[in-house]
Amino acid sequence: RLHEASDRMSELAAGTRRVRAAFDLSYQALTTEAQTVFRLLGLHPGEDFTAASTAALAGHTPTHTRRVLDHLVDEHLVMVTNGDRYRLHDLLKDYARDLISAEDIGYRRKALRRLLRWFSHSAVAARARLLPDDPLLLPAWSEGAEHLPIFANEDAAFRWLEAESATLVSALPAALEHGLPGAAWRLSVALQAHFRFTSDRSVWLDVAKTGLAAARAAENKQGEGWTLNDLGVAYAETGDMDRAAELFAESIAIRTELGELQTLGRVLGNSAIVHAFKDEFATAISEFERAREIARDVGDVFFEIGVVNNLGETYQRAGRYDEAIAQFREGIAMSDKAGHTRNRALSLHGLGSALARLGHHSEAMEPLREAIDIHHRAKSRADEAETLQTLGNVLRELGDEAGAIGCWEQALTLLEQIAHSRAAEVRKLLDNAVLSA
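Its first residue numbered 1, the sequence shown is counted upward by one per residue in full-length UniProt numbering.
Structure follows, in structure tokens:
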């Protein structure tokens, strides 16, 4: 991209030299420090940036960097956008890229690596706030990062991820372009929780593919195991269960080879979910049992509850509803004991769904409504939509067609926001409801 930007600036200079001359005059009037920050902005991925991210890029504090950015604003080289965010006009972005391209590649890599490390640590911190009971087992960076954002609550973490989403995604190809594949795959893994909650599934797929390519370019087996798993989850979310199963099998082989027991359990659990969706129940149950044994061995209570819930879902898909209900009740009890609210919501949804399958529609209402409330507060759109769809099905069976349509409409809105493959299924429910009205 830097050489493309340089070509564009050459064309600009040939056609409108006065514009380039004006940029040169403004730039040369800056202090040395402001010139440095302006040049570095040519490396910053995305359309906009903050004082904190620019500080990471420049190796300064956010407070000091904000003063420099405000000086650049006063000189009409940087614009303020929403609140604490800044951006460069496209021509000035090209100008900054042209300037930074003259710097030594090692200098550019060092600056971009600082920024990517800061983004990765920040994304992991946001994930920890959103999923406090499910720590990321990602191998640590060799260095830490300073001046990370402080997320007072889940809303703050969610808002940060939403605001930085486009920048985080565009940071991956920037990392590869500058020969930083290790930074790229770590960032892709750090972003997975964000995609699970909010983002377009096609974007998730692209990021996961880039992460896997980066891990392989870095020749990092741990990274390959992680990103194979993440890509498998992304394919499963888009409905391609066959491809997901292949990727999980590759990840399982690598995790087994490396002896990474805890992460092996996680991939086994994901693989089992896919086999359950393919109605390969014996394989699914076997993998879930192996995953639960690992969870117990390593003391991973959060994951063990997840396995219990997924076993319940598998029994339900197999028509073994009484066994499913027993699993979900166990999941609720374990969640309550451990204080794991999100797992409780998943158990409640499973319980309500299984009760409805047995014809106990009125009894199914309470657990489903509680699950919806928990998912809504956690901003887990996919889970909230799935439970709304189930509640709509229950209301239809109870003769409340208007209530059912209302639930399905809410579910469809959420699924369309994240481009989920299940949107077509809910849209069909609504179309059929209209036709039968």
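Cβ coordinates follow ideal geometry from the N, Cα and C atoms, glycine included.
Everything numeric in this text was worked out from a predicted model, so none of it was measured.
Between the C-alpha atoms of residue i and residue j, what's the straight-line distance to the nearest angstrom?
i, j, result
"residue 235", "residue 35", "44 Å"
"residue 182", "residue 107", "17 Å"
"residue 204", "residue 49", "22 Å"
"residue 358", "residue 155", "38 Å"
"residue 409", "residue 434", "12 Å"
"residue 353", "residue 254", "36 Å"
"residue 400", "residue 320", "27 Å"
"residue 317", "residue 279", "8 Å"
"residue 24", "residue 62", "27 Å"
"residue 281", "residue 335", "25 Å"
"residue 263", "residue 366", "35 Å"
"residue 153", "residue 21", "48 Å"
"residue 224", "residue 180", "15 Å"
"residue 95", "residue 217", "31 Å"
"residue 120", "residue 145", "9 Å"
"residue 26", "residue 196", "44 Å"
"residue 450", "residue 221", "For residue 450 there is no data in the structure shown, the boundaries of the chain being 1 and 437."
"residue 80", "residue 89", "11 Å"
"residue 310", "residue 407", "24 Å"
"residue 315", "residue 283", "12 Å"
"residue 19", "residue 377", "50 Å"
"residue 250", "residue 290", "17 Å"
"residue 380", "residue 104", "44 Å"
"residue 102", "residue 33", "17 Å"
"residue 132", "residue 28", "49 Å"
"residue 427", "residue 420", "12 Å"
"residue 65", "residue 78", "13 Å"
"residue 386", "residue 67", "47 Å"
Closest to residue i by CA distance: which of the options is it?
i, options, result
"residue 412", "262, 424, 401, 402", "424"
"residue 443", "324, 262, 276", "Shown here, the chain extends from 1 to 437; a query on residue 443 therefore has no answer."
"residue 422", "319, 200, 22", "200"
"residue 166", "153, 71, 191", "191"
"residue 71", "31, 185, 377", "31"
"residue 76", "315, 87, 314", "87"
"residue 53", "396, 364, 118", "118"
"residue 430", "417, 419, 388, 328", "388"
"residue 37", "19, 83, 93", "93"
"residue 383", "360, 364, 418, 185", "418"
"residue 185", "97, 229, 151, 202", "229"
"residue 396", "122, 379, 364", "364"
"residue 97", "46, 290, 333, 273", "46"
"residue 147", "122, 171, 322", "122"
Just to confirm, are residue i and residue j a CB contact at a threshold of 8 Å?
i, j, result
"residue 393", "residue 345", "no"
"residue 308", "residue 339", "no"
"residue 265", "residue 300", "yes"
"residue 91", "residue 42", "no"
"residue 252", "residue 271", "yes"
"residue 173", "residue 210", "yes"
"residue 163", "residue 130", "no"
"residue 362", "residue 398", "yes"
"residue 124", "residue 169", "no"
"residue 268", "residue 287", "yes"
"residue 261", "residue 233", "no"
"residue 415", "residue 391", "no"
"residue 214", "residue 176", "yes"
"residue 109", "residue 44", "no"
"residue 231", "residue 212", "yes"
"residue 343", "residue 305", "yes"
"residue 295", "residue 312", "no"
"residue 51", "residue 84", "yes"
I believe residue i touches residue j by the beta-carbon criterion, under 8 Å. Please report the beta-carbon distance rounded to the nearest angstrom.
i, j, result
"residue 372", "residue 341", "Not confirmed; about 13 Å, so no contact."
"residue 189", "residue 160", "Actually they do not touch by this definition, with Cβ atoms about 18 Å apart."
"residue 59", "residue 17", "Not really, about 34 Å apart at Cβ, beyond 8 Å."
"residue 187", "residue 116", "6 Å"
"residue 57", "residue 69", "Not a contact, Cβ separation roughly 11 Å."
"residue 328", "residue 134", "About 19 Å separates the two Cβ atoms, so there is no contact after all."
"residue 55", "residue 127", "At roughly 22 Å, the Cβ-Cβ gap does not stay under 8 Å, so residue 55 and residue 127 are not in contact."
Quick one: what's residue i bridged to in DSSP?
i, result
"residue 321", "For residue 321, which the question treats as bridged, DSSP gives no partner whatsoever."
"residue 79", "87"
"residue 49", "86"
Verify the CB distance criterion: does residue i have a CB-CB separation below 8 Å to chain D?
i, result
"residue 188", "Judged by its chain identifiers, the structure shown contains no chain D, having just a single protein chain."
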